[in-house]
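Going by mature numbering (1 follows the signal peptide of the UniProt record, and there is no 0), the letters in the sequence shown line up with residues -19 to -1, 1 to 261, in that order.
Cβ coordinates follow ideal geometry from the N, Cα and C atoms, glycine included.
Bear in mind that the values here come from a model prediction, so they are computed numbers and not experimental data.
Below: one structure, written as structure tokens.
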Amino acid sequence: MNRTRLYPLAFALALVASAAQSEGHGPLFGLATPTLGAGQWSSDTGFMRMASEQGGDWRTRQMIGYGIHEDLQATLTLPLDQRDSRMVANARGGAMMGKPGAVEASLLWRFHREAPRIGVRRESSLLVGVADGDTFGPDARNAGPALHLAAVTGYASRTTYWWLGGGGQWHRAEGGNRRGDLTYATAVFGWRPPIFRGDYPKPDWRLFIEAVAEHAERDRRDGLADADSGGYRLLAGPSVLGLFGAWGVSAGVLFPVEERLNGSQPGTDYRAKLVFTYWF
């Protein structure tokens, strides 16, 4: 092949590979530090299920991200289905993807980044977002908008990854009704098996163990605390990420390790999630 044709092709492949590497090693349920490159877009279509002893159904969410510059990313997440969300647990469908039934806009700022050697990064990020109101409880009370703040720090190399983070979601009262405030912490450890450590276009898969701890305050209905709401959950489980050029696919599940819920509430069976990503 003519060299004048090879150079543009090689350059395009390098751009695609660098795009996937820059954002493509994030977890499904936990907080992570990577941001998109300047001018880069991403599309994440997520399918999630929060199953309890009373059943559950799949919810679909769409997340669009844009890299304002290499350390600042804007994100808009919204539901793609209009099903009733009143019985969904007071939790985030994923730390980065927001409440299952709400529209959320957020900014992710990577305020610290260092590379002590080639292929190794240590970095920290802040996440701030606002979400619109939702419904909750068996009688579909209206919930006010919410503010979300979180911080995360971590390490990434060609072999291993880890992130530790935590945040909170605070809700505004709406006509005497108020969703309980939520605080949470996440921990993620990732491993890239030797067979998948080659460069693009070789297949690239990463394995993760993720854990999420949540504490929700009681909801308030007509100004009174709901005895059958709020409590503590600790969940953990595996997830996997596969990268194919500008495409990515992630799948994972969390199971309850410990659960202390107030009053009479159905216990958690599992949380499952499947996400398809495209970078452009």
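Under DSSP, residue 239 forms a beta bridge with 215. Ranking 50, 102, 74 and 61 by CA distance to the CA of residue 233 puts 74 first. Three or more beta-carbon pairs drawn from the segment 36 to 52 and the segment 13 to 21 are found closer than 8 Å, and the two stretches are therefore classed as touching. Residue 139 and residue 133 have their alpha carbons spaced roughly 20 Å apart.
If you draw a straight line from the Cα of residue 208 to the Cα of residue 227, it is about 48 Å long. Straight-line spacing of the CA atoms in residue 244 and residue 210 works out to 7 Å. Residue burial annotation: residue 93 is exposed, with fewer than 16 other C-beta atoms found within 10 angstroms of its C-beta. The Cβ atoms of residue 194 and residue 212 do not sit closer than 8 Å to each other. Excluding residues up to 5 positions away in sequence, 39, 41 and 255 lie with their Cβ nearer than 6 Å to the Cβ of residue 28 in the same chain. Between residue 106 and residue 252, the alpha-carbon positions lie close to 25 Å from each other. Residue 112 places its beta carbon 8 Å or farther from that of residue 88. Contact between residue 223 and residue 235 is absent: CB atoms are separated by about 19 Å, not below the 8 Å threshold. When rounded, the separation of the alpha-carbon atoms in residue 85 and residue 230 is 22 Å. Under DSSP, the beta-bridge partners assigned to residue 221 are 188 and 232. When DSSP states are grouped into helix, strand and coil, residue 175 belongs to the helix group. Beta-bridge annotation (DSSP): residue 254 is paired with 29 and 233. Taking 8 Å as the cut-off, the Cβ atoms of residue 124 and residue 117 count as close.
A distance below 7 Å between beta-carbons, with the five flanking residues on each side excluded, links residue 131 to the following residues of its chain, in chain order: 12, 76, 108, 146, 147 and 148.
Check the Cα spacing between residue 156 and each of 247, 43 and 201: the tightest is with 201. Bridge pairing for residue 45: 24 and 57 [DSSP]. Just so you know, the alpha carbons of residue 32 and residue 246 end up roughly 13 Å apart. Rounded to whole angstroms, the separation of the alpha carbons of residue 110 and residue 47 is 15 Å.
Nearest C-alpha to residue 188 among 141, 257, 70 and 237: 141. Selection 169, 225 and 81 evaluated against residue 183 yields 225 as nearest (Cα-Cα). Cβ contact annotation for residue 241 (same chain, cutoff 7 Å, sequence separation greater than five): 212 and 213, in chain order.
Straight-line measurement puts the Cα of residue 174 at about 39 Å from the Cα of residue 151. With contacts defined as CB atoms closer than 8 Å, residue 261 and residue 22 qualify as a contacting pair. The three-state reading of DSSP puts residue 92 in strand, counting E and B together.
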